[in-house]
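Trainee: The opening residue of the sequence shown carries number 1 in this note's numbering; numbering runs sequentially from there. We treat Cβ as the ideally placed atom computed from N, Cα and C, and that holds for glycine. Quantities reported herein were computed from a predicted structural model and do not represent experimental measurements. Dumping the structure here so I can ask a few things about it.
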Amino acid sequence: AVNLARSFNERVGITGIVLTRVDGDGRGGAALSMRAVTDKPIKLIGVGEKLDALEDFDPKRIAGRILGMGDIVGLVEKAAQTMDAEKAAKAAERMRKGVFTLDDLAEQLGQMQKIGGMSGVMGMLPGIGKVKKQIDAMGIDDSVFRRQTAIISSMTAQERRNPDVLKASRKKRVAAGSGTKVEEVNKLLKMHRQMADMMKAMGKGKGIFGKMAGMAGMPGMGGGMPQVDPAALNQLARGGGLPGLPGLGAPKLPGLGGGFPGLPKKK
1 AVNLARSFNE
11 RVGITGIVLT
21 RVDGDGRGGA
31 ALSMRAVTDK
41 PIKLIGVGEK
51 LDALEDFDPK
61 RIAGRILGMG
71 DIVGLVEKAA
81 QTMDAEKAAK
91 AAERMRKGVF
101 TLDDLAEQLG
111 QMQKIGGMSG
121 VMGMLPGIGK
131 VKKQIDAMGI
141 DDSVFRRQTA
151 IISSMTAQER
161 RNPDVLKASR
171 KKRVAAGSGT
181 KVEEVNKLLK
191 MHRQMADMMK
201 AMGKGKGIFG
211 KMAGMAGMPG
221 MGGGMPQVDP
231 AALNQLARGG
241 GLPGLPGLGA
251 PKLPGLGGGF
261 PGLPKKK
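Right, dumping it as structure tokens:
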């Protein structure tokens, strides 16, 4: 990357640099080197595979990511850009009442993909650097979100509202319609049940919502950023769910319910 930047600058002349694939630690060294050899500023960073997946380069935020300090501001901004505020407010109100359907879960899965998927979100959370090897070893793949969304989409409206009606024959139909296995359907239903129980506890004031009484903030995400527990990540990889990744203490972002859904290992 450094040699390419130097050669391009010598032959054509550049006014700035776009740095891509910033999720790797090596990007920090590349950023410093390219800035030094070209004497040109880094203006944009690529955060995805699409043409519009560009962000303004902020040295402090990038340094925070490289050093494992996370980038909570960047995560909040991404969520704000992709979130439908009215829909999120309605979802937050349902969750306060302890209501969490499979439609709500599908909405959260879609929201997760919009803000960069599991890898993108994890890269912005403090403390992830300490357990990076465990995360890599688990082989968490964002394609799992698409498979889980496909499972939910293969259900009828009644099944999404009331998963208890999903007996063996219905599960086989859903698995066939989504191109998945019955085991994956069962894992998704278990994950939803855990999250729904958590929402009910929150609605009764026993969980995160209760702790946030009187505070302006993100419903479902209490104040303060916890360190990531490797044991919890192992639970996540087994598909058991990660109930409660509380702590994205960001103002005025309603509707992001508590906890990342459980993700099995990639196939």
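Where residue 97 and residue 15 are concerned, what is the direct C-alpha to C-alpha distance, given to the nearest angstrom?
Mentor: 54 Å
Trainee: Run the CB neighbour count on residue 63, radius 10 Å, all protein chains shown included, and call it buried at 16 or more, exposed below.
Mentor: Per the 10 Å Cβ criterion, exposed.
Trainee: Once the 5 residues before and after residue 192 are set aside, which same chain residues still bring their CB inside 7 Å of it?
Mentor: 102, 105, 163
Trainee: Select from 188, 12, 10 the residue whose C-alpha is nearest the C-alpha of residue 109.
Mentor: Out of 188, 12, 10, 188 has the C-alpha closest to the C-alpha of residue 109.
Trainee: May I ask you to report which of helix, strand or coil DSSP gives residue 117?
Mentor: helix
Trainee: Between which two residues does the alpha helix (DSSP H) harbouring residue 46 extend?
Mentor: Per DSSP, residue 46 belongs to no alpha helix (DSSP H); it is in the beta strand (DSSP E), 42-46.
Trainee: Assign residue 91 to buried or exposed, taking buried as 16 or more other Cβ atoms, counted over all protein chains shown, within 10 Å of its Cβ.
Mentor: buried
Trainee: Taking the alpha-carbon positions, what's the residue 42 to residue 53 distance?
Mentor: 16 Å
Trainee: Can you name the residues that DSSP bridges to residue 189?
Mentor: Paired residue(s): none; residue 189 is not in a bridge.
Trainee: Exposed or buried, what is residue 178 when buried is set at 16 or more other beta-carbons lying within 10 Å of its beta-carbon?
Mentor: buried
Trainee: What is the DSSP secondary structure of residue 19, counted as helix, strand or coil?
Mentor: strand
Trainee: Name, in chain order, the residues that DSSP records as bridge partners for residue 55.
Mentor: Under DSSP, residue 55 forms a beta bridge with 45.
Trainee: State the DSSP-derived secondary structure class of residue 222, mapped to helix, strand or coil.
Mentor: With a pLDDT of 36 at residue 222, under the threshold of 50, the modelled position of that residue is not reliable, and the figure given next carries that caveat. Coil.
Trainee: Nearest to residue 32 by CA position, among 172, 5, 13, is which residue?
Mentor: The closest CA to that of residue 32, considering only 172, 5, 13, is found on 5.
Trainee: Does the distance from the C-beta atom of residue 185 to that of residue 175 stay below 8 Å?
Mentor: yes
Trainee: Does the beta carbon of residue 80 come closer than 8 Å to any beta carbon on chain D?
Mentor: Given the protein chain composition of this structure (a single chain), no chain D is represented.
Trainee: Could you give the distance in angstroms between the alpha-carbon of residue 154 and the alpha-carbon of residue 115?
Mentor: 24 Å
Trainee: How would you call residue 145, buried or exposed, if buried means at least 16 neighbouring beta carbons within 10 angstroms?
Mentor: buried
Trainee: Under the rule that 16 or more other beta-carbon atoms within 10 Å means buried, what is residue 269, buried or exposed?
Mentor: For the chain, the structure presents residues 1 to 267; residue 269 sits outside this window and is missing.
Trainee: Need the endpoints of the alpha helix (DSSP H) that residue 144 sits in, please.
Mentor: 143-153
Trainee: Helix, strand or coil for residue 38? Go by DSSP, reduced to three states.
Mentor: helix
Trainee: Out of 121, 79, 1, state which residue places its alpha-carbon closest to the alpha-carbon of residue 30.
Mentor: For residue 30, the nearest C-alpha among the options comes from 1.
Trainee: Roughly how many whole angstroms lie between the Cα atoms of residue 234 and residue 7?
Mentor: Because residue 234 sits at a pLDDT of 49, beneath the cut-off of 50, its placement in the model cannot be relied upon, and the point is left open.
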